[in-house]
Ligand SMILES: [Zn+2]
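Numbering (the working numbering), first residue to last: -12 to 317.
Listed below in structure tokens is the structure:
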């Protein structure tokens, strides 16, 4: 199996650091992988487990040997993942105790055991304190990878025990590469690549057909404003405007669309542009005053996003923006 099919994508700094540690034999006891959701922390942990257990030459795992194959199919007995049980919010102390019983014995068949705690911020207080004892005196041939998107929700005593490895949001290029690997089709100019904020988890959610349909509806609403003819849809508050998450998606999408139309009117081209045809269609119908009102509209949308982030009700934000849009389209 080619390394390109399982190596983490778009996190060169984190991966180089891990590979260097494996190559020099300086693998510590506990790591804290910090970064937003859906940027490859788990993939990197699995890659790390492969690198320290591969039966090949190393330091890059071969992907072919028995150890690599088992890790890739999540069936290696020495690669463990502790995560909240199905009906629970937190990782319980019982789970940590069970883990400690397993760790009392050496690895079954691997060179080193790797334990993922994921997500680490979901460790209950008792569980965290119990785990701390293990981190302070780690069993031989065992290393811990704690995974989190909110490091400050962890106990300081746990954080300070771990070597920190940071992961950043993925670039558009990296997102496209991940999508290709997953067999998902995304056009390079698709706005979802901006909207997902560098997270594969968000990208996949945004690509669902039902979400796409909702975006279409939002797009029509906004385009009708840009064309200077407020849509009848504006009379009633749409369902999605009553929910915080969908209202936020709408505003982010609106921001993207308005920014792109404005940039197109100014005759500039840049990354993340809407396709020329869509811009042309909108531009052809714009009122002569559009050049002047678009910056105001951009500001109104940005203000709405701020209000929403400061806990204003989504419906109120929508209504305020609607009035501003109507005034702007005069
Ligand atoms: Zn291997």
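All residues carry an ideal CB built from backbone N, CA and C; glycine is no exception.
By Cβ distance, which residues of its chain are closer than 7 Å to residue i, with the 5 residues on each side in sequence left out?
i           : result
residue 188 : 24, 25
residue 209 : 241, 244
residue 28  : 20, 22, 134, 154
residue -5  : 2, 27, 30, 31, 34
residue 159 : 180
So, using beta-carbon positions, are residue i and residue j closer together than 8 Å?
i           : j           : result
residue 6   : residue 46  : yes
residue 281 : residue 238 : no
residue 95  : residue 53  : no
residue 193 : residue 182 : yes
residue 190 : residue 162 : yes
residue 119 : residue 144 : yes
residue -8  : residue 231 : no
residue 315 : residue 284 : yes
residue 224 : residue 302 : yes
residue 148 : residue 180 : no
residue 63  : residue 97  : yes
residue 141 : residue 107 : yes
Where DSSP assigns a beta bridge to residue i, which residues make up the other side?
i           : result
residue 17  : 131
residue 150 : 18
residue 89  : DSSP lists no partner for residue 89.
residue 68  : 103
residue 78  : 110
Could you check if residue i is buried or exposed, using at least 16 other CB atoms within 10 Å of its CB as the buried criterion?
i           : result
residue 305 : buried
residue 51  : exposed
residue -2  : buried
residue 291 : buried
residue 298 : exposed
residue 247 : buried
residue 74  : exposed
residue 151 : exposed
residue 166 : buried
residue 178 : buried
residue 229 : exposed
residue 105 : buried
residue -10 : exposed
residue 226 : exposed
Which same chain residues end up closer than 8 Å to residue i when comparing Cβ atoms and leaving out the 5 residues on each side of it in sequence?
i           : result
residue 77  : 71, 109, 110, 111, 114
residue 186 : 23, 24, 25, 26, 156, 157
residue 130 : 14, 15, 16, 17, 18, 39, 99, 100, 101, 102
residue 67  : 86, 89, 100, 101, 102, 103
residue 117 : 80, 83, 84, 87
residue 300 : none
residue 288 : 238, 241, 242, 245, 308
residue 59  : -12, -7, 33, 37, 50
Given the structure, does residue i come close to ligand 1, in the sense that its CB is under 7 Å from one of the ligand's heavy atoms?
i           : result
residue 6   : no
residue 103 : no
residue 97  : no
residue 48  : yes
residue -6  : no
residue 54  : yes
residue 27  : no
residue 149 : no
residue 234 : no
residue 87  : no
Using a Cβ-Cβ cut-off of 6 Å (strictly less than) and excluding sequence neighbours within five positions of residue i, which residues of its own chain qualify?
i           : result
residue 126 : 90
Can you check whether the C-beta of residue i is within less than 8 Å of a C-beta belonging to chain D?
i          : result
residue 98 : Structure shown: chain D not included; a single protein chain is present.
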